[in-house]
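Engineer: Be aware that the sequence shown starts at 1, since it is given in full-length UniProt numbering, and climbs by one per residue.
A virtual CB, placed ideally from N, CA and C, is assigned to each residue, including glycine.
Remember, it's a predicted structure, so these values are computed and weren't measured experimentally.
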Amino acid sequence: MSEPSSVSGVKKVAIMPEIHIPAPVLAKIVSYVAEEGVDALKPFVKAGPLFKSAVYSKETLSCVRLDKSRYYMWWSMTHSIYYHFFTKCLEAKNPHALNALFYKPIAYENFAAECHRATVWAEHYGEYEA
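1. Would you kindly work out how many angstroms separate the C-alpha atoms of Tyr103 and Ile81, rounded to a whole number?
2. According to DSSP, is Lys93 part of a helix, a strand, or is it coil?
3. Please classify Tyr71 as buried or exposed, where buried requires at least 16 other C-beta atoms within 10 Å of its C-beta.
4. Suppose the cutoff is 7 Å on Cβ atoms and the five residues either side in sequence are ignored; what does the same chain contact list for Ala27 look like?
5. Whole angstroms are fine: how far does the CA of Glu91 sit from the CA of residue 142?
The structure is reproduced here in structure tokens:
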């Protein structure tokens with residue numbers, strides 16, 4: 001392979017022209033990526049306003065796989081950093097967001113029990129200091 005031609009030490013690099021992707025087509029593409037989970041959408045949000053609007057399109061929000069994240073049940077809590085995104089998914093009738101909302105009382109109950117159990121276990125085995 002040969003290196004790009006250079007004149008007086010300056011390398012020439014080919015530049016691709018920008019392409020225009022219509023918003024509905026971009027939203028469709030991003031919705032396919034959303035099937036991989038929320039983490040797959042983070043680069044699109046960081047890429048700029050055009051891609052961020054595709055992430056927040058109804059098409060994407062309605063099908064993003066929230067359940068691929070271990071903590072998606074906690075996103076329904078108002079103190080969660082993902083709460084705003086979660087409510088947008090609810091508005092778009094995302095089945096995983098609806099599921100999390102349905103099981104929210106059970107998830108919260110389990111969380112409270114785990115917090116209590118950790119202290120009880122530590123007290124029982126002498127590792128807890130109040």
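Structural biologist: With the given structure in hand:
1. Straight through space, the alpha carbons of Ile81 and Tyr103 are spaced by roughly 19 Å.
2. In the three-state DSSP reduction, Lys93 falls in the coil class, being neither helix nor strand.
3. With a threshold of 16 other beta carbon atoms within 10 Å, Tyr71 falls short and is exposed.
4. In chain order, Ala54, Ser57, Glu59, Thr60 place their CB closer than 7 Å to the CB of Ala27, counting only its own chain and leaving out the 5 sequence neighbours on each side.
5. The structure shown has nothing for residue 142, since the chain only spans 1 to 130.
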